[in-house]
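Chemist: Attaching a single structure in C-alpha cells format; questions to follow.
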Amino acid sequence: MTNIKPLADRVIVRPVAAETTTKAGIIIPDNAKEKPLKGEVLATGKGTKDEEMVLKAGDTVLYGKYAGTEVELDGEKLLIMRQSDVLAVIE
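Spelled out as C-alpha cells, the structure:
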C-alpha cells in the first residue's frame, strides 16, 4: 500500500466485506447489501490540541452508515474519516 498519513483527527479505515449469505444459506443480492459498518484502522493522525488521538492502527471499529469519504488507493477502497465519526472500538 502507498504510504499515506492522515492529518489531525482523521483515520484511515479498511471496511470489512459485507456478508453475502445468511446463516440459513440464503444468498443476498448485491442491491440488498448494506454498506459495512465495521472496519480496521490502518493509520491515524496525531489528533488536535483539543482532542487527543485514542485510536491506533490495528483497532477494529464500528462507524456510522454515512461516515467518512471513500477513496481508492492501489485498487483498494478505503475510508478517511474523523475520529469522532467512529462509534466504538471492538476489543
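Residue 1 is where the sequence shown starts when you use our numbering, and the numbers rise one by one after that. Just so it is clear, CB atoms sit at the ideal spot from N, CA and C, and this is done for glycine as well.
With which residues is residue 93 paired in a DSSP beta bridge?
Modeler: Given a span of 1 to 91 for the chain in the structure shown, any question on residue 93 remains unanswerable.
Chemist: Between the stretch 66–80 and the stretch 6–15, do three or more beta carbon pairs fall short of 8 Å?
Modeler: yes
Chemist: So, for residue 56: in the same chain, excluding its five sequence neighbours on each side, which residues have a beta-carbon less than 6 Å away from its beta-carbon?
Modeler: The same chain holds no residue with a CB closer than 6 Å to that of residue 56 once the five nearest residues on each side in sequence are set aside.
Chemist: Grab me the residues of residue 84's own chain with a C-beta within less than 8 Å of its C-beta, minus the 5 sequence neighbours each way, in chain order.
Modeler: Cβ within range, chain order: 9, 51.
Chemist: Keeping to the same chain, check which residues put their C-beta closer than 7 Å to that of residue 66; ignore five residues upstream and five downstream.
Modeler: none
Chemist: Just the Cα atoms here: how many angstroms apart are residue 53 and residue 37?
Modeler: 21 Å
Chemist: Between the alpha carbons of residue 39 and residue 49, how many angstroms are there, rounded?
Modeler: 26 Å
Chemist: Excluding sequence positions up to five away, which residues of its chain have a Cβ less than 8 Å from the Cβ of residue 88?
Modeler: 61, 62
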